[in-house]
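K.L.:
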Amino acid sequence: MLHVPPIHSQSYVGALRPYHSHSLTAEASSALEQVGTDLQKPAKSVVFRQGESADFIYFVQSGALRLDYQIEDGRNLVLDFLWPDRFFGIMETEVYAWSAVTLVDVHLKRFRRNAMLALAQDYPSISTLLLQQKTASLMAAKNHIILMSYPTATSKLIGFLLAYSKQQDYFDPIAQVLTLIMSRKDIADYLGMTFETTSRIFRYLETENYIKKINHRQIQLNIKKLESA
Numbered sequence: 001m002l003h004v005p006p007i008h009s010q011s012y013v014g015a016l017r018p019y020h021s022h023s024l025t026a027e028a029s030s031a032l033e034q035v036g037t038d039l040q041k042p043a044k045s046v047v048f049r050q051g052e053s054a055d056f057i058y059f060v061q062s063g064a065l066r067l068d069y070q071i072e073d074g075r076n077l078v079l080d081f082l083w084p085d086r087f088f089g090i091m092e093t094e095v096y097a098w099s100a101v102t103l104v105d106v107h108l109k110r111f112r113r114n115a116m117l118a119l120a121q122d123y124p125s126i127s128t129l130l131l132q133q134k135t136a137s138l139m140a141a142k143n144h145i146i147l148m149s150y151p152t153a154t155s156k157l158i159g160f161l162l163a164y165s166k167q168q169d170y171f172d173p174i175a176q177v178l179t180l181i182m183s184r185k186d187i188a189d190y191l192g193m194t195f196e197t198t199s200r201i202f203r204y205l206e207t208e209n210y211i212k213k214i215n216h217r218q219i220q221l222n223i224k225k226l227e228s229a
C-alpha cells in the first residue's frame, strides 16, 4: 500500500532553523537575538508589499513563502520560493522591490534593518552572513533564469518538480510523494507560462506516467523517468 504523507498546505512543518546554525560567533548570535523579534504569519498572508518602506530584514525559521513582482500592466511574476534557513529583504535599500506572501503558516525572525546593519559593522561574522545570503539570493535568481531558458514548457515544469523535490519538508523520498503547497497559478507565474498551459502539461505528465495524482495537493513522482526526460 502506498504511504501518503500528511498534507501540510496550511501549517508549517519541520524543526525551526535557527540562524545560529550559520557560522556566527556566540557574541554575534547573542547580539542578533537581542534585536530580533519572533513573528508568526498564517498561510496566504502578506509579509510586506512591493513599494513599501524596506524597514525590516527577515529570516525563515519554518514554512515557505513566495516573492511576487507586480508588472505595470497588471501581470504577476513569482520571482522565487523561499524555504527555511533563508534571509529575505536583504537586497533592498529604501523600498521593497517585490512582495513576500506566505504559502503556509510561517515562523519568521524579524530584524530592523538599521539595527542589523549596525551590528554588521561591529561583528564581522554578521557581515559575512549577510554577504552569504545575498549570494544565495543571486544563485536562486541564476537558477531561475536557467530554468526559464529550457526549450519547452514541459521541460520547464519537469525541471521545477525535480528542483522542488529537494525540499525535504514537502517530499517523501520513500513514497516519492510531493506536496504542492503552491497553487498551479503560482507555478505558472514562476515559469512564465499561462495557467492553462501549466494545467495541460500536468495532465500530459500524468497521462504519460511521469507523475500520479494522489489528491488535489499531492502527486507521486516517477523520479527516474522525469530525470531522463
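Be aware that the sequence shown starts at 1, since it is given in the UniProt record's numbering, and climbs by one per residue. In this text, a Cβ means the ideal position worked out from N, Cα and C, and glycines have one as well.
1) So, for Gln168: in the same chain, excluding its five sequence neighbours on each side, which residues have a beta-carbon less than 6 Å away from its beta-carbon?
2) Suppose you measure from the CA of Met1 to the CA of Leu161; what does that come to, to the nearest Å?
3) Note down, in chain order, each residue of its chain lying with its Cβ closer than 7 Å to the Cβ of Gln192, except the 5 sequence neighbours on either side.
4) Per DSSP, what kind of secondary structure is Asp122 in: helix, strand or coil?
5) Going straight from the alpha carbon of Ala153 to that of Asp189, what length do you get?
6) Leaving out five residues on either side along the sequence, give the residues of the same chain with a beta carbon under 6 Å from the beta carbon of Met182.
7) With a floor of 4 residues, list each alpha helix (DSSP H) that falls wholly inside the UniProt domain "HTH crp-type" (151-224), ordered by position along the chain.
8) Could you please give the first and the last residue of the uninterrupted beta strand (DSSP E) stretch that includes Ser62?
9) Quick check on this structure: which residue in Glu94, Ser165, Phe87, Ser127 has the alpha carbon closest to the alpha carbon of Ser137?
10) Tell me which same chain residues have a C-beta within less than 7 Å of the C-beta of Leu226, skipping the five on either side of it?
11) Counting along the chain, where does the beta strand (DSSP E) carrying Ala100 start and finish?
12) Under a three-way DSSP split, which group does Val4 fall into?
13) Look at the alpha carbon of Arg49 and the alpha carbon of Tyr96, and state the distance between them as a whole number of angstroms.
14) Which residue wins for smallest C-alpha separation from Lys166, given the options Ala43, Leu221, Lys213, Ser127?
P.N.:
So, from the listed chains and residues:
1) Excluding the 5 residues flanking it on each side, Gln168 has no same chain C-beta neighbour closer than 6 Å.
2) The pLDDT assigned to Met1 is 35, lower than 50, so where the model puts this residue is not dependable, and the model offers no usable value.
3) Here residue 192 is Gly; the residue named in the question, Gln, does not match the sequence. Cβ neighbours of Gly192 beyond the five flanking positions: Met148.
4) If DSSP states are grouped into helix, strand and coil, Asp122 belongs with the helices.
5) Roughly 12 Å between the two C-alpha positions.
6) Hits under 6 Å: Leu103.
7) The qualifying runs are 153-164, 184-191, 195-207.
8) For Ser62, the enclosing beta strand (DSSP E) starts and ends at 56-62.
9) When each option's Cα is compared against that of Ser137, the closest is Phe87.
10) Its chain contains Ile158, Leu161, Leu162, Tyr210 as the residues whose beta carbon lies nearer than 7 Å to that of Leu226, once the 5 sequence neighbours on both sides are disregarded; these appear in chain order.
11) Where Ala100 is concerned, the enclosing beta strand (DSSP E) stretches over 99-102.
12) At Val4, the pLDDT of 41 sits below 50, so the modelled position is not reliable and the matter cannot be decided from this model.
13) Spanning the two alpha carbons is a distance of roughly 7 Å.
14) Here the closest residue by C-alpha is Leu221.
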